[in-house]
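What follows is a single structure, written as C-alpha cells, with notes after it.
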Amino acid sequence: MATFSQQLTQRLTNALAELGLENTQQQSVPAVTAAADTRFGDYQANAAMALAKPLGKNPRELAAQIIGKMDVSGLCETPEVAGPGFINFRISAEAIAARVNNLASDERLGVEPESSTSRLLIDFSSPNVAKPMHIGHIRSTIIGDCLARIARFLGHDVIADNHIGDWGTPMGQVLYGWKNHLNEADFADNPIRELLRLYQLVKQQSDTDPDIAAKCLEETVKLQSGDPDNLSLWKEFIDITMSGAQDIYTRLDIHFDTTLGESFYDPHLKPLVEELLKEGIAGESDGAICIFSNNELEPKQDPLLVQRDGEWLPAPCMIRKKDGGFNYATTDIATIDYRVNELKADEILYVVDDRQSLHFRQLFEVARRRGISTSLRHVAFGKILGDDRKPFKTREGTVPALGDVLNEAVDRARRIVDEKNSELPEEEKQDIAEKIGVGAVKYAELSQARSSDYVFSWEKMLALQGNTAPYMINAYVRTRSIFRKLDTVPQYSLENIVISEDAERTMAMKLCQYAEVVPQVLVDYRPNLLATYLYELAQNFHSFYEQCPVLNAGEPSRCTRIALCDTASRVLRHGLSLLGICPPERM
Ligand code: ARG
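Sequential numbering from 11 applies to the sequence shown in this note's numbering.
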C-alpha cells in the first residue's frame with residue numbers, strides 16, 4: 011500500500027513524463043512531501059521550481075502546466091499553485107477513508123519494509139568495566155536501541171553490538187587499586203561502587219604521580235601477557251560490571267546480539283600494526299607508531315591535520331605507544347576488520363557522544379586508506395546538562411548512576427498513578443509506575459534533537475502535558491478505555507468509514523502518515539522525528555476525543571470514529587514500541 015506521498019510522487023512523475031520533462035533533468039523528480047502548514051494542503055511539491063530554472067521557464071506557469079497533465083483521480087482535489095511555484099495537494103476524504111480502512115487490517119500499519127536492506131551493525135551502550143553505567147551512557151543506550159528497533163522493523167538485518175571497554179590502561183589502574191586500597195567491607199556491600207572508587211582514586215594518583223602510573227602500567231602489561239592472578243581478578247571485574255549493566259538492560263528491555271569487549275580484539279593488534287607499517291600507512295614517530303596524513307584530502311577534510319596559527323600541522327592517530335601498548339584507535343581499527351570480514355556487516359553505526367568525533371573521523375579515514383568500502387557512520391550526540399546548564403561530570407563520581415535515575419523516575423511516576431487511580435491493585439499500580447517512569451526517561455532522551463545538548467529535568471520529563479511520555483501514554487490509555495466499554499468491536503469496511511468532521515480528518519491524515527515518518531528516522535538517524543509525530547498524533551487524538559463523541563454517535567460516524575480510535579491506539583502503541591516504550595493499558 012503506497013503512501014500518499016509515494017502515490018503523489020508517482021503521479022507527478024507521470025505528468026512530467028507526459029510533458030517530456032523527465033529526461034531534461036539528470037536528477038530524479040523531487041519527492042512530494044507532507045506540508046509544513048496544512049492550511050493550504052496536505053502535501054507539497056517544489057518540482058516546478060526545481061525544473062523551471064534550468065529550462066528558463068516561469069515556475070508558476072510550469073506548475074500550472076504540470077497540474078493540467080496530472081491525473082489525481084481517486085487521490086486528491088485539483089492541486090493548486092502557491093507562492094513562487096509550489097504545488098499544493100489536498101487529499102480527498104474518500105482516499106483518506108480508503109487508507110484508514112486498509113490500515114485496519116494491516117499489522118504493519120502501512121509501513122512497508124525498505125526495498126534495499128543491509129546488514130547493519132550498531133555499536134551502542136558500550137560501558138566501561140569497573141564503572142557503573144551512568145546518566146551519560148543513557149543517550150547511547152537508548153538511541154542505539156531505538157535505531158536497532160526501527161531498522162529491524164524496516165527489514166534490515168541488525169547486529170546490536172555492545173563494545174564494552176574492558177582493556178587497556180584503566181584495567182591496570184583498577185588492578186593496582188584493588189591490590190593496594192581495597193576496602194573489603196565496602197566491596198562486599200556494593201562491589202561496583204567500590205571498583206569505581208578504586209578506579210577514580212588511582213586514576214587521580216597516576217595523573218599526578220609518575221611512580222604510580224608506572225605501577226599501573228606494570229599491572230596492565232601483566233594482565234595483557236596473561237598473568238593468572240590479574241586475569242582472574244579482571245574476569246571478576248567484568249562479571250561485576252556486566253551483571254550491573256544487565257539489570258539495567260533488562261529493565262529497559264534492551265538486548266544485544268554480541269557483547270565483545272575491547273579485549274576480544276587484543277590478539278589482532280600486534281599483527282595489525284605490523285601490517286599497517288608494511289603497507290606504509292603507519293610510520294614511526296618518536297618511538298611510537300602513528301598514522302599521518304598522506305595529503306590526499308583537502309586539509310579541511312583531513313582529520314589527520316589540524317590548523318594552528320594559519321598553518322596545517324600533523325594530527326596523527328597513534329596506534330602503538332612508546333611503551334609498546336596499543337591505543338583505543340588500534341582496537342577500533344581491528345574491530346572494523348572483524349565486523350566486516352567475520353560479521354559481514356555492510357554498514358556500521360557508532361552511537362557515541364560527540365566528544366569522540368575526532369577519533370571517529372580519524373578511524374574512518376584510516377579505513378578509507380585501507381580500502382574498506384563498508385559505510386561507517388558516527389551517530390553523535392550532545393551532552394546531558396544539569397540545571398546549571400553545566401554537563402554532568404563523568405569521572406568525578408558526582409554523576410548519578412543510571413539505575414538510581416530509573417528508580418527515581420519510577421517513584422515519581424508512582425505519585426502520578428496514586429493521584430489518578432488510587433483504587434487500582436497495588437501490583438498493577440507498581441507495574442504502571444515502572445512503565446511510565448522508564449518510558450519517561452527514554453522519551454525525554456528520544457524526543458530531543460540528537461546532536462544538541464539538553465537539560466535533564468524531572469518536572470518536564472514527567473509532566474502530564476507537553477511532549478512527554480506521560481502525555482503520550484495518557485492518549486493511549488484513553489483509546490484503551492473506549493474499547494473496555496465496548497462489548498464487541500464493530501467490523502468496519504470501506505462503506506462505513508465516512509470522514510466528515512475536521513477533527514476526524516486531521517487525525518485520520520496523521521494516521522495515514524505513520525508510514526511516511528518511520529523510514530525518515532533512518533535517513534539521518536533521528537528518533538525525535540518519530541517522537542514529534544507521536545506527540546502530534548496524541549494532540550490530534552485529544553482534540554478529536556473532545557470534539558467527537560464516539561460511542562454515542564449515530565452511524566456512520568460511530569463506526570468511523572471507532573475505526574479511527576482503534577487505529578490511533580495501534581499506531582500509538584506501535585510507535586512507542588519502536589521507541590522502546592511499553593505503555594500500560596490504564597493509568
Ligand atoms: N567504551 C567507550 C566509552 O565509554 C565507548 C565505545 C564506543 N565504541 C567504539 N567502537 N569505540 O567511551
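All C-beta atoms, glycine included, are put in the ideal place defined by N, C-alpha and C.
- In terms of CA proximity to Met597, Glu437 leads the group Glu437, Leu588 and Leu521.
- Closest in C-alpha terms to Trp188, from the list Ala158, Lys225, Leu157 and Ile153, comes Lys225.
- Contact between Thr13 and Gly165 does not hold, since their C-beta atoms are separated by about 16 Å, which reaches or exceeds 8 Å.
- Taking C-beta atoms under 8 Å as the contact rule, Tyr453 and Ala390 fail to qualify, at a distance of about 21 Å.
- In this structure, the C-beta of Ser461 stays at least 6 Å away from each heavy atom of the ligand ARG.
- By the Cβ neighbour-count rule, Ser491 is exposed, with fewer than 16 other Cβ atoms within 10 Å of its own.
- For the options Ala103, Leu31 and Asp81, the alpha carbon positioned closest to that of Asp512 is the one of Ala103.
- DSSP lists Arg318 as the beta-bridge partner residues of Glu321.
- Approximately 34 Å separates the beta-carbon atoms of Phe302 and Ala140; this is outside 8 Å, ruling out the contact.
- In terms of Cβ geometry, Asp267 and Ala170 form a close pair [threshold 7 Å].
- By the neighbour-count criterion, in which a residue is buried when 16 or more other Cβ atoms sit within 10 angstroms of its Cβ, Arg399 is exposed.
- If you ignore the 5 residues before and after Tyr502, its C-beta comes within less than 8 Å of the C-beta of Asn111, Ala114, Cys569, Thr570, Ile572 and Ala573, all in its own chain and listed in chain order.
- Within the segment 178-263, complete alpha helix (DSSP H) segments of at least 4 residues are found at 179-191, 194-199, 201-218, 220-234 and 238-262, given in chain order.
- The DSSP-derived three-state label of Pro435 is coil.
- The segment 18-75 is shown to contain whole alpha helix (DSSP H) runs of 4 or more residues at 57-65, in chain order.
- Look at Cys575 here: in three-state DSSP terms it is helix.
- Contact between Gly585 and Leu544 holds, with the beta-carbon distance rounding to 5 Å and staying under 8 Å.
- In this structure, DSSP gives Ser367 a helical state, which the three-state scheme calls helix.
- Not one heavy atom of the ligand ARG sits closer than 6 Å to the Cβ of Gly290.
- Classified as buried, Pro594 has 16 or more neighbouring CB atoms from the shown chains inside 10 Å of its CB.
- The closest heavy atom of the ligand ARG lies 6 Å or more from the beta carbon of Ser135.
- For His388, the number of other beta carbons within 10 angstroms of its own is at least 16, and it is reported as buried.
- Straight-line spacing of the CA atoms in Ile101 and Ala73 works out to 18 Å.
- The beta carbon of Arg349 lies closer than 7 Å to those of Leu131, Ala355 and Ile358 in the same chain, with the five residues before and after it left out.
- The DSSP-derived three-state label of Phe274 is helix.
- A direct Cα-to-Cα measurement between Lys245 and Met11 gives close to 52 Å.
- Contact between the segment 413-423 and the segment 440-452 is present: 3 or more CB-CB pairs across the two stretches fall below 8 Å.
- Here the segment 89-98 makes no contact with the segment 322-331; the two share fewer than three CB pairs at distances below 8 Å.
- Membership of Val531 in the alpha helix (DSSP H) is indicated by the continuous run Tyr524 to Val533.
- If you draw a straight line from the Cα of Glu526 to the Cα of Ser15, it is about 8 Å long.
- DSSP places Gly165 outside both helix and strand once states are collapsed to three, so it counts as coil.
- Assignment of alpha helix (DSSP H) within the segment 324-402, counting only whole runs of 4 or more residues, yields 338-351 and 367-379 in chain order.
- Between Val581 and Leu521, the C-beta gap is smaller than 7 Å, which places the two residues in contact.
- For Ala298, there is no enclosing alpha helix (DSSP H); the residue is part of the beta strand (DSSP E) that begins and ends at Ala298 to Ile301.
- Residue nearest to Lys79 within the set Ser457, Pro500, Ala27 and Asp52 is Ala27 (criterion: CA-CA distance).
- Between the alpha carbons of Arg515 and Ser83 lies a distance of about 19 Å.
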